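Trainee: Those protein sequence lines, which keep their order, are chains A and B.
Quick note on my numbering: the first sequence kicks off at 522 and runs consecutively.
Quick note on my numbering: the second sequence kicks off at 176 and runs consecutively.
I am attaching a structure below and will ask some questions about it afterwards.
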Amino acid sequence: MPRLELPELVRGARQSGPLAVRCAGRLMSLVTDEPQRLAELLAMCREWPQPRLVLGLTGSPGSGKSTLTDRLVLEYRTRFPADKIGVIAVDPSSPFTGGALLGDRVRMMQHATDPQVFIRSLASRGRLGGLALGVKGVVRVMGLVGCRVVLIETVGVGQSEVEIAQHADLTAVVLAPGQGDGIQLLKAGLLEVGDLFVINKADRDGAAALQAQLLAMLQRVDLVRHDRSANGVTTQVCHDVTTGPESDPSHARLFLTSAREHLGIAELVDALEARTEVAQERWRTEREEQIEAELQSAVLAEIERRAICTLRTNAAVVERFDRLLGGAEPLAAVVDEVLRRTIGDATSSTK
Amino acid sequence: MFGPRKPRLLIAKPGLDGHDRGAKYVAQVLRDAGFEVIYTGIRRTPEQIVATAIQEDVAGIGLSLLSGAHLLLFRRVIELLHAQGADDIVVFGGGTIPPKDIPLLESLGVAAVFTPGTSAERIVERLDELLCVPA
Ligand SMILES: Nc1nc2c(ncn2[C@@H]2O[C@H](COP(=O)(O)OP(=O)(O)OP(=O)(O)O)[C@@H](O)[C@H]2O)c(=O)[nH]1
Ligand SMILES: [Mg+2]
Numbered sequence: 522m523p524r525l526e527l528p529e530l531v532r533g534a535r536q537s538g539p540l541a542v543r544c545a546g547r548l549m550s551l552v553t554d555e556p557q558r559l560a561e562l563l564a565m566c567r568e569w570p571q572p573r574l575v576l577g578l579t580g581s582p583g584s585g586k587s588t589l590t591d592r593l594v595l596e597y598r599t600r601f602p603a604d605k606i607g608v609i610a611v612d613p614s615s616p617f618t619g620g621a622l623l624g625d626r627v628r629m630m631q632h633a634t635d636p637q638v639f640i641r642s643l644a645s646r647g648r649l650g651g652l653a654l655g656v657k658g659v660v661r662v663m664g665l666v667g668c669r670v671v672l673i674e675t676v677g678v679g680q681s682e683v684e685i686a687q688h689a690d691l692t693a694v695v696l697a698p699g700q701g702d703g704i705q706l707l708k709a710g711l712l713e714v715g716d717l718f719v720i721n722k723a724d725r726d727g728a729a730a731l732q733a734q735l736l737a738m739l740q741r742v743d744l745v746r747h748d749r750s751a752n753g754v755t756t757q758v759c760h761d762v763t764t765g766p767e768s769d770p771s772h773a774r775l776f777l778t779s780a781r782e783h784l785g786i787a788e789l790v791d792a793l794e795a796r797t798e799v800a801q802e803r804w805r806t807e808r809e810e811q812i813e814a815e816l817q818s819a820v821l822a823e824i825e826r827r828a829i830c831t832l833r834t835n836a837a838v839v840e841r842f843d844r845l846l847g848g849a850e851p852l853a854a855v856v857d858e859v860l861r862r863t864i865g866d867a868t869s870s871t872k
Numbered sequence: 176m177f178g179p180r181k182p183r184l185l186i187a188k189p190g191l192d193g194h195d196r197g198a199k200y201v202a203q204v205l206r207d208a209g210f211e212v213i214y215t216g217i218r219r220t221p222e223q224i225v226a227t228a229i230q231e232d233v234a235g236i237g238l239s240l241l242s243g244a245h246l247l248l249f250r251r252v253i254e255l256l257h258a259q260g261a262d263d264i265v266v267f268g269g270g271t272i273p274p275k276d277i278p279l280l281e282s283l284g285v286a287a288v289f290t291p292g293t294s295a296e297r298i299v300e301r302l303d304e305l306l307c308v309p310a
């Protein structure tokens, strides 16, 4: 395929046929590789179709996120045969080599030849927060090609669970029995971040105990929130913690699934659909606001990239930096020099 | 970490046998050399491999083969890529491929064939060349 620019790729991705998938795939590469392109894309995507739901899945390593994602895709495809669904699977990059082994797809290969399912693996690329730069752009491209739902899987370590919450409309924390006790959950901050909690591997011993423990913890969190709002500190609405489909599914928060046995998946999708029905308008507005924040970080990322380049290659800067190392130069002077030279290089290269 | 980013690759294991030691080893070698490697698992069909490669927009596909059906599988993957307008994706392979078949594979469009015993350095070096990663 010849090197195409953003507008051509956008046009190509909107058509049908094999080339459309290529264009969409290429667009995703552009926005994940180049912050400028991400900014361009975010600026032009407001008119595009958008997914109804962007669901983040996070949680302890090996808890079954990929397998669960695979089953959710199956369930959505069965319920809405005409609709497309997107999956973004993020795995960590090695901080030492920059390389990554992206293996989530292994669990999802049954959908590989389904033209209605678009799966994209991303490496976190050393971003603080563990989520690849450009995830928002990839979500938008999935909207562009007609995905009704987008699922984002990310490892629940580091800060990724906090960041996923900023990229998704809803965040599901996926846990499994035998993967550490409740205190570890609290430490990891997963409780605060989850809109939904899924205890997967319910076919295993210990699922019921984990459920009871989690339920108690969620109730405690709710009580604290409730107290705060009673004191006028916040006005967060607190829902009852419910466990099953028998109550209003848009309020249910705790789910038991066995991705392996395909149990509890339908109930989970019921709840997701109910929530989407209620909240999709609000989510749309929130996504618009996030674009602003995303564009800001794209600007900052580009500034950083250029500044690093100056810091490493500009002779005058390198000289000052060496003096800084020897204690003969204040830091501020080096910063000023970097900024001056970065701008100087930019204006001389555009002329 | 700050060098130019290396391209994304797909490592796939087509065919009926379930031995993926070789495929996983190569995937790890490439990861350690800085590539982003998407691994698909065992027993994948050429259709699945090509559809995956296109969605993932990879620069290269590596096929690990032990089953003896290498000619057929390579040919099919290359045909499918062509049909999808994706001839620019580089195809390479490894496994128990008889040396006499290598020229034939190359004439089909397979860019490199790594036979058992090829060193990790050699694989990385060759892929760096093929995928134009500046040293
Ligand atoms: N018993 C049981 N095993 C499961 C279930 N779901 C997933 N597994 C197994 O758990 C292992 C990990 O599953 P994955 O889906 O790869 O888990 P993950 O959370 O995506 O893993 P990472 O992405 O590596 O963090 C695999 O061996 C699955 O087969 C389940 O419901 N029950
Ligand atoms: Mg996974």
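Glycine included, each C-beta is placed from N, C-alpha and C at the ideal position.
Nothing here was measured: the structure is a model prediction, and the numbers come from that model.
So is P189/B buried or exposed if we call it buried at 16+ other beta carbons inside 10 Å?
Mentor: Classification of P189/B: buried, given that the 10 Å Cβ count is 16 or more.
Trainee: For L302/B, which residues from the same chain have a beta carbon less than 6 Å from its beta carbon, with the 5 sequence-adjacent residues on both sides left out?
Mentor: Here the set comprises nothing.
Trainee: For a contact defined as C-beta to C-beta under 7 Å, what are the partners of F639/A on chain B?
Mentor: Those within 7 Å of F639/A in chain B are Q230.
Trainee: Is it true that the CB of V608/A sits closer than 8 Å to the CB of T588/A?
Mentor: Their beta carbons are not under 8 Å apart, which means T588/A does not touch V608/A by this criterion.
Trainee: H688/A: which of G655/A, C544/A, A564/A, A621/A sits nearest, CA to CA?
Mentor: Checked all of G655/A, C544/A, A564/A, A621/A; the closest Cα to H688/A is G655/A.
Trainee: Residues around ligand 1, please: the ones whose beta-carbon is closer than 6 Å to some heavy atom of it, in chain order.
Mentor: Per the Cβ criterion, the list is P582/A, G583/A, S584/A, G585/A, K586/A, S587/A, T588/A, D625/A, R628/A, V676/A, N721/A, K722/A, D724/A, R725/A, S779/A, A780/A, R781/A.
Trainee: Could you pull out every residue in the same chain whose Cβ sits closer than 7 Å to the Cβ of V859/A, ignoring the five residues on either side in sequence?
Mentor: Within the same chain, V859/A has close Cβ partners A828, T831, L832, V838.
Trainee: Nearest by alpha-carbon distance to P570/A: which of P582/A, D604/A, P539/A is it?
Mentor: Considering only alpha carbons, the answer is D604/A.
Trainee: Check each candidate in G538/A, D857/A, S550/A, L576/A and name the one with the smallest Cα separation from R524/A.
Mentor: Comparing Cα-Cα distances from R524/A to each of G538/A, D857/A, S550/A, L576/A, the minimum goes to S550/A.
Trainee: Would you say R543/A reaches chain B, if we count a Cβ-Cβ gap shorter than 8 Å as a contact?
Mentor: Yes, its Cβ sits closer than 8 Å to a Cβ of chain B.
Trainee: Spatial neighbours of H245/B within its chain, please: CB distance less than 6 Å, with the 5 preceding and 5 following residues excluded, ordered by chain position.
Mentor: Hits under 6 Å: I272.
Trainee: Apply the 10 Å Cβ neighbour rule to F617/A and answer buried if 16 or more other Cβ atoms are within range, or exposed otherwise.
Mentor: With fewer than 16 Cβ atoms within 10 Å of its Cβ, F617/A is classed as exposed.
Trainee: Could you name the residues of the stretch 220-250 of chain B whose beta carbon sits closer than 7 Å to any beta carbon of chain A, in the order they occur along the chain?
Mentor: Going along the stretch 220-250 of chain B in chain order, one finds E222, Q223, A226, T227, I229, Q230, E231, D232 with a Cβ nearer than 7 Å to chain A.
Trainee: From the beta carbon of Y200/B, is the nearest beta carbon of chain A less than 8 Å away?
Mentor: Answer no: the Cβ-Cβ gap between Y200/B and chain A never drops below 8 Å.
Trainee: Secondary structure at D612/A, three-state DSSP: helix, strand or coil?
Mentor: It is a strand residue.
Trainee: So D743/A and V676/A are supposed to be a Cβ contact under 8 Å. How far apart are they, rounded?
Mentor: In fact, because the Cβ distance is near 27 Å, the residues do not count as touching under 8 Å.
Trainee: Can you have a look at D761/A and say buried or exposed, based on whether 16 or more other CB atoms are within 10 angstroms of its CB?
Mentor: Only weak support is given to the placement of D761/A: the predicted model assigns it a pLDDT of 44, under 50, and the question is left unresolved by the model.
Trainee: Taking the alpha-carbon of E809/A as reference, which of S614/A, V683/A, D690/A has the nearest alpha-carbon?
Mentor: Ranking S614/A, V683/A, D690/A by Cα distance to E809/A puts D690/A first.
Trainee: What does the alpha-carbon distance come out to for the pair R741/A and D716/A?
Mentor: Each residue's alpha carbon lies about 15 Å from the other.
Trainee: Measure from the C-beta of L205/B to each C-beta in chain A and report whether the shortest distance is under 8 Å.
Mentor: Chain A, which has a Cβ nearer than 8 Å to the Cβ of L205/B, makes this yes.
Trainee: Specify whether the stretch 551-561 of chain A and the stretch 811-824 of chain A touch according to this definition: at least 3 beta carbon pairs, one from each stretch, less than 8 Å apart.
Mentor: Yes: at least three Cβ pairs fall under 8 Å.
Trainee: Taking only the alpha-carbon atoms, compute the straight-line gap between L563/A and L305/B and give it to the nearest angstrom.
Mentor: Looking at the two C-alpha atoms, the distance is approximately 33 Å.
Trainee: Under 7 Å between beta-carbons, which chain A residues line up against F210/B? List them in chain order, please.
Mentor: Correct list: G620.
Trainee: Starting from K605/A, follow its DSSP beta bridges and name the residues at the other end.
Mentor: Answer is C668/A, bridged to K605/A.
Trainee: On the premise that L185/B lies in contact with F210/B, defined as a C-beta separation below 8 Å, what is that separation, rounded to the nearest angstrom?
Mentor: The Cβ separation is near 11 Å, so there is no contact.
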